[in-house]
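K.L.:
Here the protein sequences line up with chains H and F, keeping their order. Counting in UniProt numbering, the final residue of the first sequence is number 302, and the numbers go up one at a time with none missing. Counting in UniProt numbering, the final residue of the second sequence is number 302, and the numbers go up one at a time with none missing. A virtual CB, placed ideally from N, CA and C, is assigned to each residue, including glycine. Shown below is the structure under consideration.
Number of protein chains: 2
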Amino acid sequence: MALPDFVKIVEVGPRDGLQNEKAAVSTEQKVRLIDMLSETGLKVIESGAFVSPKWVPQMADSAEVMARIGRKPDISYPVLAPNLKGLEGALAAQAEEIAIFGAASESFSKRNINKSIAESLDAFRPVAEKALAEGLRVRGYISCVLGCPYEGRIDPTVVAEVSRELKSMGCYEISLGDTIGTGTPEEARRMIAAVAEYVPIEEIGVHFHDTYGQALANLYACLEMGVAVADASVAGLGGCPYAKGATGNVATEDVLYMLQGCGIGTGVDLTKVMAAGRFISDVIGRPPVSRVHRALMAKDAA
Amino acid sequence: MALPDFVKIVEVGPRDGLQNEKAAVSTEQKVRLIDMLSETGLKVIESGAFVSPKWVPQMADSAEVMARIGRKPDISYPVLAPNLKGLEGALAAQAEEIAIFGAASESFSKRNINKSIAESLDAFRPVAEKALAEGLRVRGYISCVLGCPYEGRIDPTVVAEVSRELKSMGCYEISLGDTIGTGTPEEARRMIAAVAEYVPIEEIGVHFHDTYGQALANLYACLEMGVAVADASVAGLGGCPYAKGATGNVATEDVLYMLQGCGIGTGVDLTKVMAAGRFISDVIGRPPVSRVHRALMAKDAA
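Structural data, given as structure tokens:
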């Protein structure tokens, strides 16, 4: 199959990335990061989460972040809003898009949010309904689509069923997350094929983690199936909460480099993304977790 | 196209890898590394080079290494032998296979060996001829197949022509090296398609560098074209001489993990390769440059 001509990058660094970083990042620094990303050509920048600050202290200032960023009319700044209270926060912050977050693993769902998969979907339904009624767009995430830290391999049919449910709630796009990064290209293909029975390929996004270095190979395999939406995190922000010291989210720089080399348009400027990545990496005090970023820095230094 | 059922891994760590590492590695440590790798199921382990010790001091003890390793009858231990003097050394060391090393970039060839591509091929011809007459097998390498540090992009037809010449000299396999790691999957596909006009796909190997994180995606794209030989370096030994501090050879661990996940046989035991990788990483004093290795270490530590 021909590769897509254009891939939409969903930048998740300011939310999914920073939420999983230990370092303290000030509201001002978050705003600066998002504003820098707004200048890169990215059209979707996940910017915060309306969740309990007790559970996720890193996102406690999302309302202020949303108030202070310089929003551009052609860019979406989604926020995580897993329940009605979160949705209220999102609405108060004038978010135009929310994300809800399901799992394809019962054990992961139980341990992460203390609900079975079915219970979590029941809880999301009124959130999605109200968000849609208020004119917001709703994106569905599914975690553990290729593996679970507690269960190991995940049955693609479960991923497909959760996808179908999220679509039935009105999610315009389903982002399929390999949360622990253990998946490989053939497994990714089988999983996408299962989901595509219920969700049009244009509405499927992929969210790969590079923990085992497989993210770009997995993405390439999915592009060959027609997937044209890829989540990525500037400078590889995020780490892997299930393997301390290991890599998490695939870096936006690495994704952009591969897509450019393959002749696929993204509308995103790699150099500007690198500038944002360098800024936030300095803030959190470690080099960017992106091979492209490091190679280009090393080349510049030579 | 269906992926191959089996991929042959050509382990290049003890030669290509260590040659590009700054740290001093003793003869005994090299022998131990090769002996450990001989227990993993690998069938090809590049073990040394018969080149000027002035130019490549890291390989000055290749004769002694070849004399001391415990060779297994079903494993090939090729050595680099770029000229007739090198071939004499290889023969004296009872090597059964040699490698010769061409380039697809005129500038790289000139700067690296002070010969044009055509001159270098002329010089290799009598080496290959004599090696074959002595009953040795000859493998051809081509560097810079997807990019050159001096010229940038490389025309696939040049790679194809150099491949054709090496095949005409009797090379049983041509290893196509992305020396600076800048290639992406679609570029790799175009290059393989060009080479496959002159060389049967079974005789094509790929040698990817992970400098820009593209190695596994590139390999996957080539597997889809029927390529079934992959060079890799345990623990990612080698670094990148053209971008200091950047990654070089793709790690054997990462390749094995992807192939296993895709249901492709290799006959190689990842756990044993990791043990060899940990040994040599301790010797050179840095953690393995393999995301799979690091992730599995982190998982074990958790």
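#1: List, in order along the chain, the chain F residues whose C-beta lies closer than 8 Å to that of H:LYS244?
#2: Would you check if the distance between the CB atom of H:GLY86 and the CB atom of H:LEU166 is smaller than 8 Å?
#3: Can you give me the C-alpha to C-alpha distance between H:GLU64 and H:TYR257, rounded to a whole angstrom?
#4: Report the rounded CA-to-CA distance for residue 325 of chain H versus H:GLY263, giving the unit in angstroms.
#5: What does DSSP give as the partner residue(s) for F:HIS207 in the beta ladder?
#6: Quick one: does F:VAL206 have its CB under 8 Å from some CB of chain H?
#7: So, does the stretch 238-247 of chain H touch the stretch 266-279 of chain H, judging by three or more C-beta pairs under 8 Å?
#8: Could you pull the start and end residues of the alpha helix (DSSP H) that F:ALA215 belongs to?
#9: Taking F:VAL145 and F:MET191 to be in contact with their CB atoms under 8 Å, please state how far apart those CB atoms are, rounded to whole angstroms.
#10: Unbroken alpha helix (DSSP H) runs of length 4 or more, entirely within the stretch 265-301 of chain H: which are they?
#11: Name, please, each residue of chain F whose Cβ falls closer than 7 Å to the Cβ of H:TYR212.
#12: Answer yes or no: does any C-beta atom of chain F fall closer than 8 Å to that of H:PRO82?
#13: Would you report the Cα separation of H:ALA128 and H:SER175, rounded to the nearest angstrom?
#14: Using only alpha-carbon positions, find the residue among H:ALA104, H:GLU21, H:LEU33 that is nearest to H:TYR150.
#15: Consult DSSP for H:TYR141 and reduce its assignment to one of helix, strand or coil.
#16: Can you name, in chain order, every residue of its own chain whose Cβ lies under 8 Å from the Cβ of H:PHE6, other than the five neighbours on each side?
#17: Three-state secondary structure (DSSP) at F:GLY135?
#18: What's the call for F:ASP155, buried or exposed, on a 16-neighbour Cβ count within 10 Å?
#19: Identify, in the order they occur along the chain, each residue of the same chain with its Cβ nearer than 7 Å to the Cβ of F:ASP254, setting aside the five sequence neighbours on each side.
#20: Which of helix, strand or coil does DSSP assign to H:GLU97?
#21: Mind reading off the beta-carbon distance from residue 386 of chain H to H:GLY181? Whole number of angstroms is fine, and I expect it under 8 Å.
#22: Figure out for me which residue from F:ASP61, F:THR247, F:GLY183, F:LYS22 has the closest Cα to the Cα of F:LEU219.
#23: At the 8 Å Cβ level, is F:LEU237 part of the contact set with chain H, yes or no?
#24: Roughly how many angstroms lie between the CA atoms of F:GLY152 and F:GLU187, to the nearest whole one?
#25: Residues of chain F with CB under 8 Å from H:GLU186, in chain order?
#26: Along chain F, in chain order, which residues have C-beta atoms closer than 9 Å to that of H:LEU176?
#27: With a threshold of 8 Å on Cβ separation, who are the neighbours of F:SER233 within its own chain once the five nearest residues in sequence on each side are excluded?
#28: Any beta-carbon of chain H closer than 8 Å to the one on F:THR27?
#29: Counting only Cβ pairs nearer than 8 Å, list the residues of chain H close to F:CYS217.
#30: With 8 Å set as the bound, which would you pick, yes or no: does the beta-carbon of F:THR247 sit closer than that to a beta-carbon of chain H?
#31: At what residues does the alpha helix (DSSP H) containing F:VAL250 begin and finish?
#32: H:ASP231 versus chain F: which residues are under 9 Å apart at the beta carbon?
#33: Can you tell me whether H:LEU121 is buried or exposed, with buried defined as 16 or more other CB within 10 angstroms of its CB?
#34: Check the Cβ of H:ASP254 against every Cβ in chain F and list those closer than 7 Å, keeping chain order.
#35: Report the option in H:SER143, H:PRO200, H:ALA196, H:GLY170 whose CA atom is closest to the CA atom of H:ASP178.
#36: Hey, how far is the Cα of H:GLN19 from the Cα of H:MET274?
P.N.:
Let me spell this out:
#1: Taking the first residue of the first sequence as position 1, residue 244 of chain H is located at position 244. Near H:LYS244 (Cβ distances below 8 Å), the residues of chain F are ALA298, ALA301, ALA302.
#2: Taking the first residue of the first sequence as position 1, residue 86 of chain H is located at position 86. Taking the first residue of the first sequence as position 1, residue 166 of chain H is located at position 166. Against a cut-off of 8 Å, the Cβ pair of H:LEU166 and H:GLY86 comes out as no contact.
#3: Residue mapping note: residue 64 of chain H aligns to position 64 of the first sequence, counting from 1. Residue mapping note: residue 257 of chain H aligns to position 257 of the first sequence, counting from 1. Approximately 33 Å between the Cα atoms of the pair.
#4: The structure shown does not extend to residue 325 of chain H, since chain H spans only 1 to 302, so no value can be given for it.
#5: As a position in the second sequence, residue 207 of chain F is number 207, starting the count at 1. Paired residues: F:GLY177, F:ASP231.
#6: Sequence index remark: in the second sequence, residue 206 of chain F carries index 206 (1-based). No, F:VAL206 lies away from the interface with chain H (no Cβ there is under 8 Å from its Cβ).
#7: no
#8: Position 215 of the second sequence, counted from the first residue, corresponds to residue 215 of chain F. From DSSP, the alpha helix (DSSP H) with F:ALA215 extends over 215-224.
#9: Along the second sequence, read from residue 1 onward, the residue named residue 145 of chain F stands at position 145. Along the second sequence, read from residue 1 onward, the residue named residue 191 of chain F stands at position 191. Rounded, the Cβ-Cβ distance is 6 Å, consistent with contact.
#10: 270-284, 291-301
#11: Counting from one through the first sequence, the residue named residue 212 of chain H turns up at place 212. What H:TYR212 touches in chain F: TYR257, ARG291, VAL292, ALA295.
#12: Taking the first sequence and counting its residues from 1, the one referred to as residue 82 of chain H is at position 82. By this cut-off, H:PRO82 is not an interface position.
#13: Stepping through the first sequence from its first residue, residue 128 of chain H is reached at position 128. Stepping through the first sequence from its first residue, residue 175 of chain H is reached at position 175. Cα to Cα, the separation comes out at about 16 Å.
#14: Your numbering for residue 150 of chain H matches position 150 in the first sequence. Selected option, being the one with the closest Cα: H:ALA104.
#15: As a first step, residue 141 of chain H must be located in the first sequence, where it is residue number 141. In this structure, H:TYR141 counts as strand in the three-state DSSP scheme.
#16: Within the first sequence, the letter at position 6 stands for residue 6 of chain H. Once the five neighbours on either side are set aside, the close Cβ partners of H:PHE6 are ALA228, ILE264, GLY265, THR266, GLY267.
#17: In the second sequence, counting from the first residue as 1, residue 135 of chain F sits at position 135. In this structure, F:GLY135 counts as coil in the three-state DSSP scheme.
#18: Counting from one through the second sequence, the residue named residue 155 of chain F turns up at place 155. Exposed, by the Cβ-count rule.
#19: As a first step, residue 254 of chain F is located in the second sequence; it is residue number 254 there, counting from the start. Result list for F:ASP254: LEU216, SER290, ARG291, VAL292, in chain order.
#20: Sequence index remark: in the first sequence, residue 97 of chain H carries index 97 (1-based). Note: H:GLU97 maps to strand in three-state DSSP.
#21: The question about residue 386 of chain H has no answer, for chain H in this structure spans 1 to 302.
#22: Here residue 219 of chain F refers to the residue found at position 219 when the second sequence is read from its first residue. Of the candidates F:ASP61, F:THR247, F:GLY183, F:LYS22, the one whose C-alpha sits nearest the C-alpha of F:LEU219 is F:GLY183.
#23: Counted from its first residue, the second sequence places residue 237 of chain F at position 237. Chain H contact via Cβ: absent.
#24: In the second sequence, counting from the first residue as 1, residue 152 of chain F sits at position 152. In the second sequence, counting from the first residue as 1, residue 187 of chain F sits at position 187. For F:GLY152 and F:GLU187, the distance between alpha carbons rounds to 13 Å.
#25: As a first step, residue 186 of chain H must be located in the first sequence, where it is residue number 186. By Cβ distance, chain F contributes LEU3, GLY261, CYS262, GLY263.
#26: Position 176 of the first sequence, counting from 1, holds the residue named residue 176 of chain H. Residues of chain F passing the Cβ test: none, with the nearest at roughly 17 Å.
#27: Reading the second sequence from its first residue, position 233 is the one you call residue 233 of chain F. Taken in chain order, the residues that qualify are GLU11, VAL12, GLY13, ASP16, GLY17, GLY248, ASN249, VAL250, ALA251, THR252.
#28: Taking the second sequence and counting its residues from 1, the one referred to as residue 27 of chain F is at position 27. For F:THR27, the answer is no, since every Cβ of chain H falls outside 8 Å of its Cβ.
#29: Locating residue 217 of chain F in the second sequence gives position 217, where the first residue counts as 1. The sequence given here places Ala at residue 217 of chain F; Cys does not occur at that position. Simply LEU216, ALA217, LEU219, TYR220, MET258.
#30: On the second sequence, residue 247 of chain F is found 247 positions in, with the first residue counted as 1. Interface residue, yes.
#31: Taking the first residue of the second sequence as 1, we reach residue 250 of chain F at position 250. From DSSP, F:VAL250 is part of no alpha helix (DSSP H); its letter is neither H nor E.
#32: The residue labelled residue 231 of chain H in the question sits at position 231 within the first sequence. Simply none; closest approach about 16 Å.
#33: Translated into positions along the first sequence, residue 121 of chain H becomes position 121. So H:LEU121 ends up on the buried side.
#34: To locate residue 254 of chain H, count along the first sequence from 1; it is residue 254. Going along chain F in sequence order, the residues near H:ASP254 (Cβ under 7 Å) are GLY213.
#35: Here residue 178 of chain H corresponds to residue number 178 of the first sequence, with the count starting at 1. Looking at the Cα atoms, H:SER143 is the closest of the given residues.
#36: Position 19 of the first sequence, counting from 1, holds the residue named residue 19 of chain H. Position 274 of the first sequence, counting from 1, holds the residue named residue 274 of chain H. So the alpha carbons of these two residues sit roughly 20 Å apart.
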